[in-house]
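In what follows, a structure is listed as structure tokens, so that the remarks can point back to it.
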Amino acid sequence: FPLLNHYPDAKIIYLYRDPRDYVASWMNVPLGFETIEEAIQVWNSEQRKCDILIHSFGLPCLKVSYENLITDTPAQMTEVLNFIGETVEENCFSTDAKKNKEYAWNTYWKNLEKPVIKDNTGNFLKQFTEEEIERIEFLVKEYMRKLGYEPVHGFKIPQVNKGLIARLKNKITPKSSNKKLPADDKTVTLLKERQDLTKTILKNAQHFFNSK
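Be aware that the sequence shown starts at 75, since it is given in the numbering used here, and climbs by one per residue.
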């Protein structure tokens with residue numbers, strides 16, 4: 075809104091990408107995300123903001139998918155140029171390696187000196203395990219559906235992550251739980267309550283991962 079206040083005639087372009095490839099891409103760059111969940115959180119947040127601007131506030135914008143942009147660049151760029159009121163020029167359908175060479179030092183811009191990578195989709199299938207793909211799809215399913223992306227696993231709820239449960243158990247189980255304490259020790263009651271709480275937490279965690 076501050077931008078529109080300053081540039082009332084601004085045109086808004088909503089560029090989005092398959093969330094699974096988005097996550098895969100950001101996990102491969104320096105200073106990217108450390109975990110899949112961090113990348114998912116950002117992708118969801120970005121789509122939510124755009125969705126609110128378009129459907130709640132009715133801001134006119136052109137939706138452009140990254141996949142259409144790289145697979146049919148002339149058609150998509152023609153639509154973009156028409157939308158912003160610019161003359162259609164074929165130079166906009168490709169990259170200029172010579173002019174963009176000076177940006178090659180930057181990891182984030184290195185592809186600017188290369189031709190459009192038309193097959194740069196579906197990379198997540200080679201990078202992530204089936205469990206990781208299930209987790210991504212389940213956590214982004216709301217906007218995946220709205221943007222028309224088809225899930226590999228039908229938005230299947232991820233099965234219990236045994237490794238995660240084991241690490242959780244190790245973190246919250248008292249180290250002294252296996253030690254024998256005197257029957258009259260006042261800590262026995264407190265320890266038992268903590269063990270009961272631990273069991274409840276683990277049970278709820280397992281229920282979350284397995285629930286349908």
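No residue lacks a Cβ here, since even glycine has one placed at the ideal position from N, Cα and C.
Proximity below 9 angstroms, CB of residue i to CB of residue j
| i | j | result |
| --- | --- | --- |
| lysine 184 | tyrosine 177 | yes |
| tyrosine 96 | cysteine 124 | no |
| isoleucine 110 | isoleucine 210 | yes |
| serine 139 | leucine 221 | yes |
| asparagine 30 | valine 214 | Nothing in the structure corresponds to residue 30, since the chain is present only between 75 and 286. |
| threonine 145 | threonine 203 | no |
| phenylalanine 198 | phenylalanine 212 | no |
| proline 148 | glutamate 160 | no |
| glutamate 120 | tyrosine 90 | yes |
| isoleucine 191 | cysteine 135 | no |
| glutamine 233 | glutamate 216 | no |
Cβ neighbour criterion (16 or more within 10 Å) applied to residue i
| i | result |
| --- | --- |
| alanine 98 | buried |
| isoleucine 207 | buried |
| arginine 122 | exposed |
| arginine 219 | exposed |
| aspartate 92 | buried |
| serine 251 | Confidence in serine 251 is poor, its pLDDT being 49 and thus under 50, which makes the residue's placement too unreliable to answer from. |
Straight-line gap, residue i to residue j (C-alpha atoms, nearest Å)
| i | j | result |
| --- | --- | --- |
| threonine 169 | methionine 101 | 25 angstroms |
| proline 76 | methionine 151 | 27 angstroms |
| glutamate 224 | asparagine 79 | 37 angstroms |
| valine 103 | aspartate 193 | 19 angstroms |
| lysine 200 | phenylalanine 107 | 18 angstroms |
| valine 226 | isoleucine 128 | 28 angstroms |
| lysine 175 | tyrosine 182 | 13 angstroms |
| aspartate 270 | leucine 186 | 58 angstroms |
Extent of the continuous alpha helix (DSSP H) to which residue i belongs
| i | result |
| --- | --- |
| cysteine 124 | 110-125 |
| threonine 152 | 147-158 |
| phenylalanine 212 | 204-213 |
First and last residue of the uninterrupted beta strand (DSSP E) at residue i
| i | result |
| --- | --- |
| tyrosine 90 | 86-90 |
| leucine 136 | 135-139 |
- Task: Specify whether the segment 111-122 and the segment 147-162 touch according to this definition: at least 3 beta carbon pairs, one from each stretch, less than 8 angstroms apart.
- Result: no
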